[in-house]
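Below is one structure; the comments refer to it alone.
Residue numbers (our numbering): 51 to 209.
Quick look at the structure:
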């Protein structure tokens, strides 16, 4: 399709050997490497549980996430872990919207629903500051989050 419609061709890759971001770990020592990353997070001011969560989420990218603790202050309404994760997503993963961050870059929307409502506004506020959103832009992103939550919560089926 790419060749026929766009005159573009690409080399096929073997996805079994293609490195995944954050996956540069020694397969024989994954647990100890993750634990070492978690300890680095603790040394940057995170509590043990938060550091372990981020080390597991980001793998070998965790040191980059934890390094942000030197230049960031904890965002109002967010934990230090969520602040670091959000800024890493905006700076390194090109997360441009709250839905992108909450659904695709973290486990919040799918697996941490019980605590999600309390961080939606702080995420909107911090992303708005970072990207210099207008109030109208922020309202649009808020509506996007509400729609995504309704979809994920199966609200239409429950009514």
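Yeah, the Cβ is synthetic: ideal placement off N, Cα and C, and Gly gets one too.
Quick caveat: nothing in here was measured; it's all calculated off a predicted structure.
DSSP places residue 102 in the helix class (H, G or I) of the three-state scheme. Under a 10 Å Cβ-count criterion, residue 159 is classified as buried, with 16 or more other Cβ atoms of the shown protein chains found around its own Cβ. Under the 10 Å beta carbon count, residue 180 is surrounded by fewer than 16 other beta carbons and is classified as exposed. Annotation for residue 168: the continuous alpha helix (DSSP H) segment containing it runs 163 to 181. C-alpha of residue 206 to C-alpha of residue 93: approximately 45 Å in a straight line.
Here the region 87 to 104 lies against the region 128 to 145, with 3 or more beta-carbon pairs under 8 Å apart. Counting along the chain, the unbroken alpha helix (DSSP H) around residue 84 starts and ends at 80 to 93.
By the beta-carbon neighbour count (other beta carbons within 10 angstroms, threshold 16), residue 169 is buried. Considering only 89, 61, 151, the residue with the shortest C-alpha distance to residue 112 is 89.
In the structure shown, residue 118 adopts helical secondary structure according to DSSP, grouped into three states. When the beta-carbon positions are compared, residue 119 and residue 96 come within less than 9 Å of each other.
The DSSP-derived three-state label of residue 65 is coil. Contact annotation: residue 151 and residue 136 have beta-carbon atoms nearer than 9 Å. Comparing alpha carbon positions, the residue from 56, 176, 55, 204 closest to residue 127 is 176. Relative to residue 74, the option among 105, 58, 183, 192 whose CA is nearest is 105.
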